[in-house]
Every structure is written in structure tokens, then in C-alpha cells.
Amino acid sequence: MTAMATPRHRVSVAVAHAHTEIDAVADASVWSMEPAETTATLVEISKLKAKVAELEARVAEHADDEAVDAWAHRTRQTKPAVLGQVKLGQALVTRGHVRDALAAGDLVLEQARVIVTALDQLPGDLHPALVAKAERHLVAAGREHTAPTLRILGKRLMDVVAPDLADAYEARQLEREEADALLATTFTMVDDGHGKCHGRFTVPSLHGAALKKMLLAIAAPKHRTATDGPAAGAVPRPGRERLGRAFCELLERYPAHQLPQTGGVSATIVVTMTLEALEGRLEQAALLDTGERITASTARRLACEAGIIPAVLGGNSEVLDLGRTRRFHTKAQRIAIGIRDKGCTEPGCDWPPAMCHVHHDIPWSRGGPTDVEHGRLLCPRHHARYHRRT
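This is how it looks when you write it as C-alpha cells:
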């Protein structure tokens with residue numbers, strides 16, 4: 001630590017004394033501390049940290065630009081980190097209740113930041129007395145709730161301080177948040193050239209919630225058990241891997257006819273492959289019209305279930321057949337097949353018609369027609385098992 005010049009101000013003197021006291025126990029062992037005393041000491045240390053944080057913010061608010069730069073340099077902190085403390089100190093000048101609670105150790109630093117942010121989001125024309133009431137309310141709540149809970153309570157402050165204005169304020173706030181979310185919406189994806197695509201996105205909360213519900217439905221244990229067998233549904237809560245696979249299944253099953261057309265053609269993946277590969281006589285890679293390559297077995301599976309068009313080539317790469325875009329049975333056909341089959345047609349399976357897929361007896365990829373006569377019901381598990389065998 002760089003030695004401080006002889007302190008004069010009472011704050012500087014107190015900091016120097018605190019250093020001395022802490023240094024005195026730097027090598028003290030804590031193995032003999034009883035559990036109750038350990039807990040009590042940790043609580044007191046947390047309160048001490050809160051008091052020091054308030055003092056740091058107060059001194060940081062007083063510091064000029066040169067002092068702030070020197071502070072960041074000598075303590076090896078980033079400029080944003082120290083500016084955050086300066087900003088907090090500036091906020092605490094007008095948030096006396098928060099400052100007092102932090103200085104007393106009744107709030108921790110994270111709680112104080114959340115409360116200040118919530119108060120800053122109140123309408124600018126709100127009467128100061130109502131703002132002070134909101135501040136007291138959150139400080140009192142901070143004695144019982146953690147920062148995440150305070151953040152939720154902060155969004156409903158108007159219900160407490162001005163209930164007659166709360167609905168109109170919430171409507172304006174939500175409208176502003178939704179507009180900001182649309183402006184911040186982004187999507188990026190990059191293929192790494194090794195069979196994987198990486199990406200990230202930012203979407204409005206509404207669309208994020210919708211996507212989450214879709215993925216959880218697909219990744220649900222009952223669905224995974226039906227599709228992949230009992231072992232797949234043994235994990236009660238879906239992790240990142242299962243959600244990732246659910247996202248892939250969502251993309252495969254989304255009906256292409258509901259998407260806008262581009263260049264006069266619907267957004268449909270075209271797979272180019274040889275007749276031998278399509279029929280399973282040759283394991284040869286298939287080529288997507290977007291440039292990527294997939295295995296022949298994947299192409300055969302998609303040919304039955306998803307919205308792709310197989311362009312089947314002969315020996316000289318001439319197009320033998322450009323598959324039909326209509327591969328799914330119509331609603332009327334499905335009803336007729338359900339009445340006839342009364343459930344999954346696999347022996348011993350009792351899945352009801354409404355939960356079954358319509359399977360082509362003659363694979364669609366091999367010219368099978370999409371009609372009632374050549375279709376039958378299979379539950380998701382037996383449908384997936386059939387395609388793993390072919």
C-alpha cells in the first residue's frame with residue numbers, strides 16, 4: 001500500500017485507524033471461532049463493508065477528475081468501476097434515506113444501487129414528497145428483502161406512493177420499454193466450418209417468453225420420453241443441452257408455408273443428393289442450397305418430417321425428381337386416418353390419435369404419396385424409432 005501523508009481530516013484519520021486495526025488481525029487464525037460467533041462476525045463484516053462503501057462513495061463524489069484518475073490508476077481499477085462509485089456518491093447526495101441506511105450497515109451496496117435506480121425511474125414531475133415516500137418505502141423493504149426482490153418492488157412504486165396515477169404511469173413505462181426493446185433487438189449467427197453454428201440475440205421480453213415456453217414444451221420430460229425413450233425423460237428439468245436440442249426441433253418442425261416468400265419461393269431448404277443416397281444404398285453427403293453439407297441419414301429423416309425439397313440427381317447429376325413441397329397430410333386426411341386407426345398403429349401402443357404423427361407407409365423421400373390410404377398413425381417415440389432404423 002502506498003503510504004498516505006499524515007492524515008488531517010477526521011475521515012482520513014478514521015481510515016488510517018481502520019487499516020491499523022485490520023492489519024493487526026491479518027495473521028490471526030479463525031479455526032477456534034465458534035459457529036455462532038462465525039455467523040455474527042460475518043454479519044458484522046457485511047455491515048462494515050456497507051459503511052465503507054458509503055464512505056467511499058461520499059469521498060468519490062467530492063473528488064475532481066484528476067483525483068479520480070489517480071485513484072483508478074493506483075488501485076488498478078477500471079475507469080467505469082470508479083466512475084460507478086462517483087455516480088453513486090452523486091446520487092446519495094439527494095437520497096438521504098438511502099445514504100443513512102447504507103452508512104448504518106442496514107443496506108448492502110447492491111441494495112442501495114437498486115433503490116437509487118428505481119427512484120431515478122420515477123416520473124420527473126412527481127411531487128418531491130411522493131419521491132421521499134417511495135425512498136422510505138424501499139429502504140424499509142431493504143431490511144427484509146434482497147436486491148432482486150427490491151428491483152421487482154421498485155417497478156411497482158407508483159402503487160404505493162400514487163395509486164391513482166399508477167396505471168397510467170405503468171402504461172407509459174411499458175410502452176417506452178417495448179420501444180427501447182425493439183430498437184435493441186439484434187440477431188447474429190456464424191458457422192464455424194466444423195458442423196456447428198454459433199449465435200446470440202436480443203429480443204423483447206414478450207418474444208423471449210414465447211420462445212422459452214416453446215422450448216420448455218419440446219424439452220419437457222413427457223415429450224422427450226415419447227420421442228427418445230424413457231432414459232431421455234429421466235432428467236426432471238431441462239438443461240442447456242436439452243434446450244438446445246429443443247431449439248433445433250422447433251426449427252425443423254416450423255411449417256415453411258407460414259413464412260414469407262423470398263424471390264417467389266417460400267423459405268424452404270433444398271437438399272441436393274443422389275438417388276442412391278436417398279434410398280440408403282450409399283452413405284453420401286447431401287448438399288443444402290445454403291452451402292452446408294449434411295449426412296444422408298439426416299436428409300432422409302428430414303424428408304419425411306420437415307419442410308425440405310429433395311432434388312434427386314442421377315449419375316450425371318441431372319435432376320431426376322424435384323420433390324413435392326406438399327408432404328404433410330391435410331387436416332381432413334388426418335381426421336380420417338385418426339378415425340380409422342384410433343391411435344398409434346404400433347402393436348401394444350395405446351397412444352391416442354391426437355398425440356400421434358401421421359407416417360408415410362412408403363417414405364415420402366421415395367415417392368410415397370400423401371394420402372389416407374398410404375398414411376398411418378405413429379406416436380412420437382415409434383415414429384422416431386422407425387426413422388432411426390431406416
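Position one of the sequence shown corresponds to residue 1 (my numbering), numbered consecutively onward.
Every residue, glycine too, gets a C-beta built ideally from N, C-alpha and C.
From a predicted model like this one, the values you see are computed outputs, not experimental measurements.
Residue from Gln90, His145 and Thr370 with nearest C-alpha to aspartate 64: One-based indexing of the sequence shown puts residue 64 at position 64. Out of Gln90, His145 and Thr370, Gln90 has the C-alpha closest to the C-alpha of aspartate 64.
Rounding to the nearest angstrom, what Cα-Cα distance links alanine 267 and glutamate 252 in this structure? For this step, residue 267 is matched to residue 267 along the sequence shown. For this step, residue 252 is matched to residue 252 along the sequence shown. Unreliable placement is indicated for alanine 267, whose pLDDT of 46 sits below 50; the coordinate value is still reported in the next sentence. Spanning the two alpha carbons is a distance of roughly 12 Å.
Taking the straight line between their C-alpha atoms, what separation do you get for threonine 272 and leucine 377? Here residue 272 refers to the residue found at position 272 when the sequence shown is read from its first residue. Here residue 377 refers to the residue found at position 377 when the sequence shown is read from its first residue. Threonine 272 and leucine 377: Cα-Cα distance of roughly 29 Å.
Can you say whether histidine 194 is buried or exposed, counting buried as having 16 or more other CB atoms within 10 angstroms of its CB? Position 194 of the sequence shown, counting from 1, holds the residue named residue 194. Classification of histidine 194: exposed, given that the 10 Å Cβ count is below 16.
Just the Cα atoms here: how many angstroms apart are aspartate 23 and leucine 48? Along the sequence shown, one-based indexing puts residue 23 at 23. Along the sequence shown, one-based indexing puts residue 48 at 48. When rounded, the distance between both Cα atoms is 15 Å.
Let me check one thing: in DSSP terms, what residues is histidine 359 bridge-paired to? Numbered from 1 along the sequence shown, position 359 holds the residue referred to as residue 359. Paired residues: Arg376.
Could you check what DSSP says for glycine 348 in three-state terms: helix, strand or coil? Taking the first residue of the sequence shown as position 1, residue 348 is located at position 348. Coil.
What number of angstroms, rounded off, separates the C-alpha of alanine 104 from the C-alpha of lysine 79? Residue numbering aside, residue 104 sits at position 104 when the sequence shown is read from its first letter. Residue numbering aside, residue 79 sits at position 79 when the sequence shown is read from its first letter. Near 28 Å, if we compare the C-alpha coordinates of lysine 79 and alanine 104.
Would you kindly check if the distance between the Cβ of leucine 122 and the Cβ of alanine 53 is under 8 Å? Translated into the one-based positions of the sequence shown, residue 53 becomes position 53. Translated into the one-based positions of the sequence shown, residue 122 becomes position 122. Against a cut-off of 8 Å, the Cβ pair of leucine 122 and alanine 53 comes out as no contact.
Could you tell me the boundaries of the alpha helix (DSSP H) in which arginine 200 lies? For this step, residue 200 is matched to residue 200 along the sequence shown. No alpha helix (DSSP H) holds arginine 200; the beta strand (DSSP E) holding it covers 197-202.
With 16 other Cβ atoms within 10 Å as the buried cut-off, status of isoleucine 337: Taking the sequence shown and counting its residues from 1, the one referred to as residue 337 is at position 337. Counting Cβ neighbours within 10 Å, isoleucine 337 comes out buried, since at least 16 surround it.
Alanine 134 and leucine 157 look like a contact to me (Cβ under 8 Å); what is the Cβ gap, rounded to whole Å? Locating residue 134 in the sequence shown gives position 134, counting from the first residue. Locating residue 157 in the sequence shown gives position 157, counting from the first residue. Rounded, the Cβ-Cβ distance is 5 Å, consistent with contact.
Got a sec: is the Cβ-Cβ distance from valine 114 to anything in chain B below 8 Å? Among the chains in the structure shown there is no chain B, since it carries only a single protein chain.
Using the C-alpha atoms, what's the distance from methionine 189 back to arginine 245? Position 245 of the sequence shown, counting from 1, holds the residue named residue 245. Position 189 of the sequence shown, counting from 1, holds the residue named residue 189. Cα to Cα, the separation comes out at about 17 Å.
Locate the alpha helix (DSSP H) running through valine 131, then write down its first and last residues. Sequence index remark: in the sequence shown, residue 131 carries index 131 (1-based). Unbroken alpha helix (DSSP H) run through valine 131: 128-141.
Please confirm if the stretch 6-26 is in contact with the stretch 36-43, defined as three or more CB-CB distances below 8 Å between the two stretches. no
What three-state label does DSSP hand arginine 253 in the structure shown? As a working mapping, residue 253 is identified with position 253 in the sequence shown. Looking at arginine 253 - three-state DSSP - the assignment turns out to be helix.
Give the straight-line distance between the Cα atoms of alanine 220 and glutamate 241, rounded to the nearest whole angstrom. Looking up residue 220 in the sequence shown gives position 220. Looking up residue 241 in the sequence shown gives position 241. The straight-line gap from Cα to Cα measures roughly 13 Å.
Residue of Leu109, Met33 and Cys197 minimising C-alpha distance to phenylalanine 247: The residue labelled residue 247 in the question sits at position 247 within the sequence shown. Out of Leu109, Met33 and Cys197, Cys197 has the C-alpha closest to the C-alpha of phenylalanine 247.
Alpha carbon to alpha carbon, how far is proline 392 from histidine 137? Residue 392 is absent from the model: the chain starts at 1 and stops at 390.
When DSSP labels each residue in this structure, what does threonine 262 get in the three-state scheme? In the sequence shown, residue 262 corresponds to position 262, counting from 1. Because the pLDDT of threonine 262 is 40, which lies under 50, any placement of that residue in the model is unreliable, and the number read from its coordinates should be weighed accordingly. Reduced to three states, the DSSP call for threonine 262 is strand.
Considering only the beta carbon of each residue, do glutamine 85 and glutamate 56 sit closer than 8 Å? Working through the sequence shown from its first residue, we reach residue 85 at position 85. Working through the sequence shown from its first residue, we reach residue 56 at position 56. Result yes, Cβ atoms of glutamine 85 and glutamate 56 sit closer than 8 Å.
Using only CA atoms, which one of Pro352, Asp350, Ala132 and Asp371 lies nearest to histidine 360? On the sequence shown, residue 360 is found 360 positions in, with the first residue counted as 1. Answer by Cα proximity: Asp371.
Reducing DSSP to helix, strand and coil, say where alanine 181 ends up. As a working note, residue 181 is residue 181 in the sequence shown. Alanine 181 falls in the helix class under three-state DSSP.
Do you know whose CA, among Lys51, Gly375, Asp341 and Glu170, lies nearest alanine 18's CA? In the sequence shown, counting from the first residue as 1, residue 18 sits at position 18. If we check each option's Cα against that of alanine 18, Lys51 comes out closest.
Proximal residues to valine 13 (C-beta, below 6 Å), its chain only, five neighbours per side dropped: Numbered from 1 along the sequence shown, position 13 holds the residue referred to as residue 13. Once the five neighbours on either side are set aside, the close Cβ partners of valine 13 are Pro7.
Counting pairs of beta carbons, one from the stretch 199-213 and one from the stretch 174-185, are three or more of them closer than 8 Å? yes
What is the residue span of the beta strand (DSSP E) that methionine 214 lies within? What you label residue 214 is simply residue 214 of the sequence shown in a count that begins at 1. Where methionine 214 is concerned, there is no enclosing beta strand (DSSP E), although the alpha helix (DSSP H) it sits in stretches over 205-219.
Kindly list the residues whose CB is nearer than 6 Å to the CB of phenylalanine 187, restricted to its own chain and excluding five residues on each side of it in sequence; keep chain order. Taking the sequence shown and counting its residues from 1, the one referred to as residue 187 is at position 187. So the qualifying residues of the chain are Phe201.
Taking all protein chains shown into account, do 16 or more other C-beta atoms lie within 10 angstroms of the C-beta of glutamate 373, making it buried, or fewer, making it exposed? If you number the sequence shown from 1, residue 373 lands on position 373. Glutamate 373 is exposed by the Cβ-count criterion.
Exposure of arginine 76, with buried meaning 16 or more beta-carbon neighbours within 10 Å: As a first step, residue 76 must be located in the sequence shown, where it is residue number 76. Exposed is the call here.
Isoleucine 45 versus leucine 215 - alpha carbon distance: The sequence position of residue 45 within the sequence shown is 45, counting from 1. The sequence position of residue 215 within the sequence shown is 215, counting from 1. So the alpha carbons of these two residues sit roughly 43 Å apart.
Can you tell me whether DSSP reads arginine 293 as helix, strand or coil? The sequence position of residue 293 within the sequence shown is 293, counting from 1. Arginine 293: strand per DSSP, three-state reduction.
Tell me which same chain residues have a C-beta within less than 8 Å of the C-beta of aspartate 350, skipping the five on either side of it? Along the sequence shown, read from residue 1 onward, the residue named residue 350 stands at position 350. Correct list, in chain order: Gly343 and Cys344.
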